[in-house]
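A.B. asks: Those sequence lines, one after another, are chains A and B. Numbering-wise, our numbering puts 206 at position 206 of the first sequence, and it's gapless, one number per residue. Numbering-wise, our numbering puts 189 at position 189 of the second sequence, and it's gapless, one number per residue. Structure provided below as structure tokens; questions to follow.
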Amino acid sequence: MGKSLFNWVAGLGILFVFWWFGGYLIEINPDTTNFKDFGPIPTFKAFPELFAIGKIQAAVTTSGYRLGAGLLIAIVAGVPIGIMLGRSTVFRELSNSPFQLIRMISPLSWEPIAVIVFATWNGAIVFLIAVAAIWPVVFATAAGLAKVDPAWFKVARNLGAKPWHMVTEIILPAILFDILTGVRLALGVGWIVLVPAEFLGVTSGLGYSIADARETLSYDHLTAMVLTIGVMGYILDSSLAMLIKRYSWHHAR
Amino acid sequence: MEKRNGVHINIKDLTHRYTAKSPITFEKVNIEADPGEALVIIGRSGCGKSTLLHILAGLLEKSSGIVRLDEKDVTEPSSHWIMMFQAPHLFPWMTVEQNVGTGLRFAHWPEKKMKKRIAEVINLVGLDEYAKNNTQDLSGGQQQRVALARSLVMEPDLLLLDEPFSALDAFTRATLQKDVRAISKQLEFNLVMVTHDIDEAVIMADRALVMAGSPGKIVHDFKVDLDDPRERQDPKVQAMRASLMEIFHHAAGVSADDSNMEGDDANQSDIELAGN
Chain A
1 MGKSLFNWVA GLGILFVFWW FGGYLIEINP DTTNFKDFGP IPTFKAFPEL
51 FAIGKIQAAV TTSGYRLGAG LLIAIVAGVP IGIMLGRSTV FRELSNSPFQ
101 LIRMISPLSW EPIAVIVFAT WNGAIVFLIA VAAIWPVVFA TAAGLAKVDP
151 AWFKVARNLG AKPWHMVTEI ILPAILFDIL TGVRLALGVG WIVLVPAEFL
201 GVTSGLGYSI ADARETLSYD HLTAMVLTIG VMGYILDSSL AMLIKRYSWH
251 HAR
Chain B
1 MEKRNGVHIN IKDLTHRYTA KSPITFEKVN IEADPGEALV IIGRSGCGKS
51 TLLHILAGLL EKSSGIVRLD EKDVTEPSSH WIMMFQAPHL FPWMTVEQNV
101 GTGLRFAHWP EKKMKKRIAE VINLVGLDEY AKNNTQDLSG GQQQRVALAR
151 SLVMEPDLLL LDEPFSALDA FTRATLQKDV RAISKQLEFN LVMVTHDIDE
201 AVIMADRALV MAGSPGKIVH DFKVDLDDPR ERQDPKVQAM RASLMEIFHH
251 AAGVSADDSN MEGDDANQSD IELAGN
């Protein structure tokens, strides 16, 4: 445990050394010295300022809301679709090619259409995240269902299970682990889509803050926001990894 | 736990085929059993004995004939007649207790009453110290005990057993055979078990029904008139086993001395295959 903690800190340390060295090279070169604020020291100095004016909190809250709403839609729609995909051969065969086709469309290419369809930019961004995040949830749910022992249904039926019991007592607990794994992938994709989606139209959120910092040439703010994106993503992903561990019933024997 | 007194089993002219085009699995099967009686149906693989059990459990539809338990037609599964399978099929995300309580949760039992019942049944199958364990940490025999408890918790009138001990080692199998029979006699519910193990039939049955042929038929109804507890080494048990073996081999069309039928069809066919 002590060793892995050490390696965790050391890994981050190495990253920061590289960053610092890159910043140093930029600073000593007269052609690029204007960009020296990209380095770690100006960036870390920018954090207290950004916190004091509430910029980071506001951006994180707004982006978090958009991501959360998009993910929620992806889960609410994706899990039932995944269950149908796993349970019904007809549905699986019917939906295979349309799903594969739609899945391969880059989520961001929906942006012009989303902007026309949705009244607000906010709505459009949530839609883009949902469109990107739904597929990992759908396919992970279906894959989880494929591993469900059919005899569990027979046993449950014999023990007096009603049809909804099959879903609440058998299917969901059996595949919760797979659903969460899908949500973890979905979170990654959603987080990637979120930032570029916020470059256009809106005046809030992490993506906007980065675009805004570039316009105003405040490179320390820009890097601070980029770092915030990384840290937030890392925290969200780790929390889901913990949840997955908690709900995994697959025993290593 | 309360005594149930079992059910009267009445199967008349029961015939089954999987689809209109598939061959008849078995035909005109007639079985009658008194409340509390333990029946063991023995037969080689493929004679339809497991199908018969599924129909009796209401898990499979019959093609024609009558299947009645206490004058009530069996058309769907019920928690009054519970089936145990070859594998325990426990729910691996639940603890032993939670597995055992599954049927009670489906029936919305109040928490306190449920806990009491679960504890009683876990005690009955001898798993007290494992109540909070994850089922994946248990041995095969212990897992099958959990499956037994999960069935018994519903206080069934009839326990249907589809070769539930065949995957276990000899010692565990012998202990479970005796325990299940003892519990069925203590709580007075019916047993109907299918197996291809003659020893198992002699240890567990009040009556052994020999099923053979294709389509399958009940060709012999053999009373296993022995006192409990039954020990394998007991000369009476040995004699009973010899008689049943004779009948079984006669019915199956093989002479008693051309094979050493120890209830292990798989090994035997392996040898035959190797011989060819």
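Positions of the beta carbon are idealized from the N, C-alpha and C atoms, including for glycine.
Which residues of chain B have a Cβ atom closer than 8 Å to the Cβ of Trp152 of chain A, listed in chain order?
C.D. replies: On the first sequence, residue 152 of chain A is found 152 positions in, with the first residue counted as 1. Those within 8 Å of Trp152 of chain A in chain B are His89 and Phe91.
A.B. asks: Reducing DSSP to helix, strand and coil, say where Ser255 of chain B ends up.
C.D. replies: By one-based count along the second sequence, residue 255 of chain B stands at place 255. Unreliable positioning characterises Ser255 of chain B in this predicted model, as indicated by a pLDDT of 41, which lies under 50. The coordinate reading is nonetheless provided below. Looking at Ser255 of chain B - three-state DSSP - the assignment turns out to be coil, as it is neither helix nor strand.
A.B. asks: Answer with buried or exposed for Val277 of chain B, where buried requires no fewer than 16 other C-beta atoms within 10 angstroms of its C-beta.
C.D. replies: Residue coverage of chain B in this structure runs from 1 to 276, which leaves residue 277 of chain B outside it and unanswerable.
A.B. asks: Which same chain residues end up closer than 7 Å to Ser184 of chain B when comparing Cβ atoms and leaving out the 5 residues on each side of it in sequence?
C.D. replies: Counting from one through the second sequence, the residue named residue 184 of chain B turns up at place 184. Contacts found: Ala38, Leu159 and Leu191.
A.B. asks: If you follow the alpha helix (DSSP H) that Arg66 of chain A is in, where does it begin and where does it stop?
C.D. replies: In the first sequence, residue 66 of chain A corresponds to position 66, counting from 1. Its alpha helix (DSSP H) spans residues Lys55 to Arg87.
A.B. asks: Please classify Asp225 of chain B: is it buried, with 16 or more other beta-carbons within 10 angstroms of its beta-carbon, or exposed?
C.D. replies: The residue you call residue 225 of chain B lines up with position 225 of the second sequence. Result: exposed.
A.B. asks: Arg184 of chain A CB to nearest chain B CB: under 8 Å?
C.D. replies: Along the first sequence, one-based indexing puts residue 184 of chain A at 184. Cβ-Cβ to chain B under 8 Å: no for Arg184 of chain A.
A.B. asks: Examine chain B for any beta-carbon lying closer than 8 Å to the beta-carbon of Leu5 of chain A, and answer yes or no.
C.D. replies: Taking the first residue of the first sequence as 1, we reach residue 5 of chain A at position 5. No, because no Cβ of chain B sits closer than 8 Å to the Cβ of Leu5 of chain A.
A.B. asks: Sort out for me which residues DSSP pairs Lys28 of chain B with in a bridge.
C.D. replies: The sequence position of residue 28 of chain B within the second sequence is 28, counting from 1. Per DSSP, none; premise fails for Lys28 of chain B.
A.B. asks: Tell whether a beta-carbon distance below 8 Å holds between Gly82 of chain A and Ala133 of chain A.
C.D. replies: Against the first sequence, residue 82 of chain A aligns to sequence position 82. Against the first sequence, residue 133 of chain A aligns to sequence position 133. Not in contact: Gly82 of chain A and Ala133 of chain A (Cβ atoms no closer than 8 Å).
A.B. asks: Between Leu94 of chain A and chain B, is the shortest Cβ-Cβ distance under 8 Å, so that the two count as touching?
C.D. replies: For the purposes of this step, residue 94 of chain A is taken as residue 94 along the first sequence, with counting starting at 1. Not one chain B Cβ lies under 8 Å of Leu94 of chain A.
A.B. asks: In angstroms with no decimal places, state the Cα-to-Cα distance between Gln177 of chain B and Ile203 of chain B.
C.D. replies: Mapped onto the second sequence, residue 177 of chain B falls at position 177. Mapped onto the second sequence, residue 203 of chain B falls at position 203. One C-alpha to the other measures close to 7 Å.
A.B. asks: Look at the alpha carbon of Gly48 of chain B and the alpha carbon of Val219 of chain B, and state the distance between them as a whole number of angstroms.
C.D. replies: On the second sequence, position 48 is the one that residue 48 of chain B refers to. On the second sequence, position 219 is the one that residue 219 of chain B refers to. Rounded to whole angstroms, Gly48 of chain B to Val219 of chain B spans 13 Å at the Cα level.
A.B. asks: Considering Cα atoms alone, identify which of B:Met193, B:Asp199, B:Glu188 and B:Ala107 is closest to Ala174 of chain B.
C.D. replies: Here residue 174 of chain B refers to the residue found at position 174 when the second sequence is read from its first residue. For Ala174 of chain B, the nearest C-alpha among the options comes from B:Asp199.
A.B. asks: Taking a contact to mean a Cβ-Cβ separation below 8 Å, would you say Gly103 of chain B touches Gly160 of chain A in this structure?
C.D. replies: Numbered from 1 along the second sequence, position 103 holds the residue referred to as residue 103 of chain B. Numbered from 1 along the first sequence, position 160 holds the residue referred to as residue 160 of chain A. For Gly103 of chain B and Gly160 of chain A, yes; Cβs fall inside 8 Å.
A.B. asks: Determine, using beta carbons only, whether Ser166 of chain B comes closer than 8 Å to chain A.
C.D. replies: Residue 166 of chain B sits at position 166 when you count from the first residue of the second sequence. Not an interface residue.
A.B. asks: Kindly list the residues whose CB is nearer than 8 Å to the CB of Val303 of chain A, restricted to its own chain and excluding five residues on each side of it in sequence; keep chain order.
C.D. replies: A question about residue 303 of chain A goes unanswered here, because the residues of chain A that appear run from 1 up to 253.
A.B. asks: Which of the three DSSP states is assigned to Arg44 of chain B in this structure?
C.D. replies: By 1-based counting over the second sequence, the position of residue 44 of chain B is 44. Correct three-state label for Arg44 of chain B: coil.
A.B. asks: Between Ala174 of chain A and chain B, is any beta-carbon pair separated by less than 8 Å?
C.D. replies: Mapped onto the first sequence, residue 174 of chain A falls at position 174. Yes, its Cβ sits closer than 8 Å to a Cβ of chain B.
A.B. asks: When we look at the beta-carbon of Tyr208 of chain A and count the other beta-carbons within 10 Å, is it buried (16 or more) or exposed?
C.D. replies: Position 208 of the first sequence, counted from the start, is the residue given in the question as residue 208 of chain A. It counts as buried.
A.B. asks: Could you give the distance in angstroms between the alpha-carbon of Ser255 of chain B and the alpha-carbon of Gly6 of chain B?
C.D. replies: As a working note, residue 255 of chain B is residue 255 in the second sequence. As a working note, residue 6 of chain B is residue 6 in the second sequence. Unreliable positioning characterises Ser255 of chain B in this predicted model, as indicated by a pLDDT of 41, which lies under 50. A coordinate reading is not provided.
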